[in-house]
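Sequential numbering from -3 applies to the sequence shown in our numbering.
Heads up, the beta-carbon is just placed ideally off N, CA and C, and yes, glycines get one too.
These figures come from a predicted structure and were not determined experimentally.
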Amino acid sequence: TPMKLLILCTALVICAPLLRAETIPWESRVNQEANRLGHRNMIVVADSAYPVQTGKGVKVVSTGADHLTVVKAVLAAIRSAPGVRPLVALDKEFAHLPEEHAKGAAALRKSMLEILPRENLREELHETLLKEVNTTAESYEVIVFKTTGTTAYSSVFFTLDCGYWSAEAEQALRKRMEKDH
């Protein structure tokens, strides 16, 4: 009947975008997100056991790629984005992993510390960083790039800060505002 045909055509038009599942390579997604996100957003590069968090602001992208490769790509994308700079956090536990329980952890940590910016690097307990992700996701978007890495506590948490306004400039502004009032 014409009515059934109309309903079928309407359903196809509405559902067509869902059927066209567009897959973007993770490398392109990294660059897109670094340029799209801004101050206070987070990008996490996580090992394969990192939990899928249920917060509405958390999006997970499975890369299928090596951990260090994704860390390098995310860092390069953030550095090339004009509006942001990275504040980096590592799990404190990562520095204390015994080699007999986490083969290759020391070499991975050494490689990561060679590329990550030391001036904006801090180490916190894993649970503290997970809470930060949850808190951030309440108001801001968090993108998690999940890797094939199998080293415990090797996730890297990039909080995006304003790339053209430093902490020192902010302090000076606040001091000036206090003085003016």
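- Rounded to whole angstroms, the gap between the alpha carbons of residue 131 and residue 52 is 11 Å.
- Listed in chain order, the non-local C-beta contacts of residue 82 below 6 Å within the same chain comprise 74 and 154, local neighbours out to five positions each way being set aside.
- Nearest to residue 149 by C-alpha distance, out of 97, 165, 177 and 168, is 97.
- About 7 Å separates the Cβ atoms of residue 57 and residue 140, confirming a contact at the 8 Å cut-off.
- Under a 10 Å Cβ-count criterion, residue 60 is classified as exposed, with fewer than 16 other Cβ atoms of the shown protein chains found around its own Cβ.
- For residue 29, the three-state secondary structure derived from DSSP is helix.
- Put simply, the backbone Cα of residue 106 is about 10 Å away from that of residue 100.
- Per DSSP, residue 138 is one residue of the beta strand (DSSP E) stretching across 138 to 142.
- Counting other Cβ atoms within 10 Å of its Cβ, residue 104 reaches 16 or more and is therefore classed as buried.
- Under the three-state reduction of DSSP output, residue 96 falls in the coil class, being neither helix nor strand.
- Residues of the same chain with a CB within less than 6 Å of the CB of residue 48, apart from the 5 flanking positions on each side, are 56 in chain order.
- If you look at residue 20, you'll find it isn't in any alpha helix (DSSP H); DSSP assigns it neither H nor E.
- One alpha carbon belongs to residue 142, the other to residue 23, and they sit about 12 Å apart.
- Residue 39 sits away from residue 84, with the two beta carbons spaced by 7 Å or more.
- Beta-bridge pairing by DSSP links residue 169 to no other residue.
- A residue is called buried once 16 or more other Cβ atoms fall within 10 Å of its Cβ, and residue 45, having fewer, is exposed.
- In the three-state reduction of the DSSP assignment, residue 58 falls in the strand class.
- The beta carbon of residue 25 is closer than 6 Å to those of 57 in its chain, skipping five residues each way along the sequence.
- Looking at the backbone, the Cα of residue 135 and that of residue 129 are separated by about 11 Å.
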